[in-house]
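Report on the following structure.
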Amino acid sequence: MASAFREDVSHYEHSDPSTSVYGGRGVGGEGGEGERASDAPLRPSEDASSNSHVQEKAPPAVPLTKKQKVRRHCGRFWLWYLIGSIILLAILLPILFLVIIPALVQKIINDQPMPISGGAFLVLSPDQLNVSITTTLDTPLPADIDPVTLFMYNKDTPTFSPFVNVTLPPLHVDGQTEVVISEQTVTITNETELITWFGRVFDQATTAISTRGDATVHLGKLHSRAHIEKTVEVNSLNQLSGFGIEHMQLMLPALDNGTNIHGTLNLPNWGALSLGIGNLSLNLFAGDVRLGLITVFDVLLPHGNNTKYFTGELYLDVLLQNFGTILTSQEDALNNGNIQIDATGNATVVNGEHIRYIEAILNNRRVSSTIPVTKLLGDLIGSFTNGSDVSLPTLIDDIFGNSTFIEEVLTHWNTTGNSTAATKRSLPFARKGPGALSLLKLGMKMGTKWLSTI
């Protein structure tokens with residue numbers, strides 16, 4: 111039995127290491143070699159494994175910031191970015207300078223209302239005008255504008271037909287800036303269009319001024335072209351609304367040139383533009399009867415009412431011969447205690463030359479003036495109390511000594527004086543004219559003496 115559990119050492123070899131807890135043989139076995147093996151240093155593989163484990167325990171690296179990442183990225187790909195930037199600028203810069211900036215400048219120009227706050231059109235000759243215009247620009251950016259030629263035209267004319275052109279001076283604009291075109295002498299380029307425009311200035315309460323031109327605008331070192339096309343409404347004459355003869359007196363005896371009347375009249379200008387038209391002659395009418403001709407010298411009409419002195423000739427013979435017709439034309443005015451005197455243009459003269467483009471308008475327009483009868487009689491009576499060489503009674507005698515005049519008066523009053531009666535009656539002095547006339551002259555003498563003492 112004992113031999114059955116005996117260790118078999120028949121194959122034992124001293125060179126084989128003994129078995130150890132680390133696996134395999136040789137470490138921890140019996141005998142000196144086993145002990146020496148246990149005192150030996152660790153094997154290199156175990157040492158390397160220990161060192162690797164220590165390195166894995168080291169702190170992790172600090173992550174890069176976005177700025178560092180971008181810098182590293184650009185440092186790697188800078189060449190590609192440079193090429194891309196050059197291509198992009200080659201595309202965008204022409205668009206900026208040729209499209210965007212001109213469009214911006216044009217938009218600013220288009221948004222300018224350019225209201226006309228003042229100015230003047232002064233006639234110099236049949237071919238020239240002196241023009242002044244005041245307007246304003248309001249720009250969001252400072253800019254310099256080169257001189258610009260502005261063409262004035264009527265917008266509703268089918269073809270572009272400017273009648274004058276003015277030059278806009280060099281400007282530096284920054285915000286609200288006043289623009290003044292001052293006293294430029296311009297040549298009329300289309301008289302027909304100018305007549306059309308002046309006709310609207312006379313007839314309408316407001317009229318349009320249309321201008322067109324091309325400007326060079328500088329934004330610092332940059333410059334751009336812009337097209338100017340504006341139509342601005344301005345107040346105008348409105349048919350000389352408010353025209354009237356303020357005072358009128360006879361001059362007797364008449365001057366050698368026939369002048370026998372003088373006085374003042376109102377020539378209103380409700381427009382923004384002053385008008386200078388030289389010497390203006392006006393025909394005076396009562397109904398369809400031309401009573402006289404007056405002249406206003408050196409007519410300059412700024413805004414508002416303008417009292418002007420006139421001289422002229424009252425056609426007394428025409429007045430006497432057409433007295434009945436004149437009274438008939440005055441029925442409506444006389445019912446209101448007034449006398450209506452109309453005026454039309456006769457001639458417009460500057461330096462001895464007729465101004466056709468003014469005459470074409472005024473000679474075909476008619477304006478009316480109403481004068482209270484009492485005021486007119488007062489002016490006429492005053493004519494003989496202010497140093498006149500002819501007395502009013504003498505004039506009355508001359509007038510009423512004219513049989514044609516008497517017949518006209520009597521005919522008028524016989525037919526119209528009592529039109530509502532069933533049977534028309536003659537006026538008392540129709541049968542007793544001389545006595546009535548004597549009484550009238552006596553009354554005039556007494557009135558004249560009384561007025562001379564005031």
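Residue numbers (the numbering used here): 111 to 564. Glycine is no exception: its CB is placed at the ideal position from the N, C-alpha and C atoms. Only a predicted model underlies this, so the values are computations on that prediction, with no experimental measurement involved.
**Asked** Is asparagine 432 buried or exposed, if buried means 16 or more other CB atoms sit within 10 Å of its CB?
**Response** Position 322 of the sequence shown, counting from 1, holds the residue named residue 432. That one is buried.
**Asked** Are methionine 358 and aspartate 489 closer than 7 Å when you measure CB to CB?
**Response** Taking the sequence shown and counting its residues from 1, the one referred to as residue 358 is at position 248. Taking the sequence shown and counting its residues from 1, the one referred to as residue 489 is at position 379. Yes, they are a contact pair.
**Request:** Below 7 Å CB to CB, which residues in the same chain sit around lysine 559 once its five sequence neighbours on both sides are set aside?
**Result:** Stepping through the sequence shown from its first residue, residue 559 is reached at position 449. Low local confidence applies: a pLDDT of 49 at lysine 559 is under 50, so the model's placement there is unreliable, and no value is given.
**Item:** Enclosing alpha helix (DSSP H) for leucine 189 [first to last residue]
**Value:** Here residue 189 refers to the residue found at position 79 of the sequence shown. Per DSSP, leucine 189 belongs to the alpha helix (DSSP H) from 176-205.
**Item:** Span separating the alpha-carbon of threonine 480 from that of isoleucine 436
**Value:** For the purposes of this step, residue 480 is taken as residue 370 along the sequence shown, with counting starting at 1. For the purposes of this step, residue 436 is taken as residue 326 along the sequence shown, with counting starting at 1. Spanning the two alpha carbons is a distance of roughly 14 Å.
**Prompt:** According to the Cβ coordinates, are threonine 245 and valine 289 closer than 7 Å?
**Reply:** Mapped onto the sequence shown, residue 245 falls at position 135. Mapped onto the sequence shown, residue 289 falls at position 179. Yes; because the gap between Cβ atoms is below 7 Å, this pair is in contact.
**Spatial neighbours of alanine 470 in its chain, beta-carbon cut-off 7 Å, leaving aside the 5 residues before and after** = Sequence index remark: in the sequence shown, residue 470 carries index 360 (1-based). Ile305.
**Spatial neighbours of valine 406 in its chain, beta-carbon cut-off 6 Å, leaving aside the 5 residues before and after** = For the purposes of this step, residue 406 is taken as the residue at position 296 of the sequence shown. Leu390, Lys418 and Phe420, listed in sequence order.
**Minimum Cβ-Cβ distance from leucine 390 to chain D less than 7 Å** = Among the chains of the structure shown, chain D does not appear; only one protein chain is present.
**Prompt:** Hey, glutamine 105 and threonine 277: beta-carbon distance below 7 Å or not?
**Reply:** No answer is possible for residue 105: the residues shown for the chain start at 111 and end at 564.
**Request:** Provide the residue span of the alpha helix (DSSP H) that contains serine 493, from first to last.
**Result:** For this step, residue 493 is matched to residue 383 along the sequence shown. Segment: none, serine 493 is in no alpha helix (DSSP H) and carries neither H nor E.
**Prompt:** tyrosine 467 lies in the alpha helix (DSSP H); which residues open and close that run?
**Reply:** Locating residue 467 in the sequence shown gives position 357, counting from the first residue. Unbroken alpha helix (DSSP H) run through tyrosine 467: 466-472.
**Spatial distance of glycine 352 from valine 311 (CA atoms)** = Here residue 352 refers to the residue found at position 242 when the sequence shown is read from its first residue. Here residue 311 refers to the residue found at position 201 when the sequence shown is read from its first residue. Approximately 16 Å between the Cα atoms of the pair.
**Prompt:** Measuring CA to CA, which of Thr317, Pro257, Val399 and Thr326 is closest to tyrosine 425?
**Reply:** Your numbering for residue 425 matches position 315 in the sequence shown. The candidate whose alpha carbon is nearest that of tyrosine 425 is Val399.
**DSSP state of isoleucine 355 mapped onto helix, strand, coil** = Stepping through the sequence shown from its first residue, residue 355 is reached at position 245. Three-state result, isoleucine 355: strand.
**Request:** Excluding the 5 residues preceding and the 5 following histidine 565 in the sequence, name in chain order all residues of the same chain whose CB lies nearer than 6 Å to its CB.
**Result:** One cannot answer for residue 565 here, as it falls past the ends of the chain, which runs 111 to 564.
**leucine 375 vs isoleucine 355 beta-carbon contact at 7 Å** = Here residue 375 refers to the residue found at position 265 when the sequence shown is read from its first residue. Here residue 355 refers to the residue found at position 245 when the sequence shown is read from its first residue. Their beta carbons are under 7 Å apart, which means leucine 375 touches isoleucine 355 by this criterion.
**Message:** Which of the three DSSP states is assigned to aspartate 313 in this structure?
**Reply:** For the purposes of this step, residue 313 is taken as the residue at position 203 of the sequence shown. Aspartate 313 falls in the helix class under three-state DSSP.
**Item:** Coil, strand or helix - alanine 364 by DSSP
**Value:** As a first step, residue 364 must be located in the sequence shown, where it is residue number 254. Coil.
**Enclosing alpha helix (DSSP H) for glutamine 431 [first to last residue]** = As a working note, residue 431 is residue 321 in the sequence shown. Per DSSP, glutamine 431 belongs to the alpha helix (DSSP H) from 426-431.
**Message:** Using a Cβ-Cβ cutoff of less than 7 Å, which residues in the same chain neighbour phenylalanine 270 once the five nearest sequence positions on both sides are dropped?
**Reply:** Walking along the sequence shown from the start, residue 270 turns up at place 160. Tyr263, listed in sequence order.
**Item:** Exposure of phenylalanine 273, with buried meaning 16 or more beta-carbon neighbours within 10 Å
**Value:** If you number the sequence shown from 1, residue 273 lands on position 163. Buried.
**Request:** Would you please state the rounded distance, in angstroms, between the beta carbons of isoleucine 465 and isoleucine 387? I believe it to be under 8 Å.
**Result:** For this step, residue 465 is matched to residue 355 along the sequence shown. For this step, residue 387 is matched to residue 277 along the sequence shown. Right, the Cβ-Cβ distance comes to about 7 Å (below 8 Å), so this counts as a contact.
**Request:** Look at the Cβ atom of threonine 316, then the Cβ atom of glutamate 339, and state whether they are nearer than 7 Å.
**Result:** On the sequence shown, residue 316 is found 206 positions in, with the first residue counted as 1. On the sequence shown, residue 339 is found 229 positions in, with the first residue counted as 1. Against a cut-off of 7 Å, the Cβ pair of glutamate 339 and threonine 316 comes out as no contact.
**Item:** Spatial distance of proline 412 from threonine 484 (CA atoms)
**Value:** Residue 412 sits at position 302 when you count from the first residue of the sequence shown. Residue 484 sits at position 374 when you count from the first residue of the sequence shown. So the two alpha carbons sit approximately 31 Å from each other.
**Prompt:** Between alanine 453 and leucine 392, is the Cβ-Cβ spacing less than 7 Å?
**Reply:** Locating residue 453 in the sequence shown gives position 343, where the first residue counts as 1. Locating residue 392 in the sequence shown gives position 282, where the first residue counts as 1. Result yes, Cβ atoms of alanine 453 and leucine 392 sit closer than 7 Å.
**Message:** Could you compute how far the alpha carbon of glutamate 117 sits from the alpha carbon of proline 170?
**Reply:** Locating residue 117 in the sequence shown gives position 7, counting from the first residue. Locating residue 170 in the sequence shown gives position 60, counting from the first residue. Model confidence at glutamate 117 stands at a pLDDT of 49, short of 50, so the residue's coordinates are unreliable; what they give is reported in the following sentence. Approximately 58 Å between the Cα atoms of the pair.
**Asked** Apart from the five residues just before and just after proline 252, which ones in its own chain have a Cβ nearer than 6 Å to its Cβ?
**Response** Reading the sequence shown from its first residue, position 142 is the one you call residue 252. Within the same chain, proline 252 has close Cβ partners Asp284.
**Asked** Which whole runs of the beta strand (DSSP E) in the region 249-283 are 3 residues long or more, in chain order?
**Response** 258-263 and 274-278
**aspartate 256 vs threonine 326 beta-carbon contact at 7 Å** = As a working note, residue 256 is residue 146 in the sequence shown. As a working note, residue 326 is residue 216 in the sequence shown. In this structure, threonine 326 lies closer than 7 Å to aspartate 256 by Cβ.
**Request:** Assign glycine 368 to one of two classes, buried (16 or more other C-beta atoms within 10 Å of its C-beta) or exposed (fewer than that).
**Result:** Position 258 of the sequence shown holds residue 368. So glycine 368 ends up on the exposed side.
**Message:** Less than 6 Å between C-beta atoms, sequence neighbours within five positions excluded: which residues of the same chain meet that for isoleucine 565?
**Reply:** This structure cannot settle anything about residue 565, because the visible part of the chain is limited to 111 through 564.
**Prompt:** Quick one, which of Phe308, Arg186 and Glu423 has its alpha-carbon nearest asparagine 370's?
**Reply:** Taking the first residue of the sequence shown as 1, we reach residue 370 at position 260. When each option's Cα is compared against that of asparagine 370, the closest is Glu423.
**Straight-line Cα distance separating leucine 202 from tyrosine 191** = Indexing the sequence shown from 1 puts residue 191 at position 81. Indexing the sequence shown from 1 puts residue 202 at position 92. Going from the Cα of tyrosine 191 to the Cα of leucine 202 covers about 16 Å.
**Same chain, Cβ closer than 6 Å to asparagine 445, five either side skipped, listed in chain order** = In the sequence shown, the residue the question calls residue 445 occupies position 335. Result list for asparagine 445: empty, nothing under 6 Å.
**Item:** Counterpart residues of lysine 485 in DSSP-defined beta bridges
**Value:** Here residue 485 corresponds to residue number 375 of the sequence shown, with the count starting at 1. Looking at the DSSP assignment, lysine 485 forms no beta bridge with any residue, so it has no partner.
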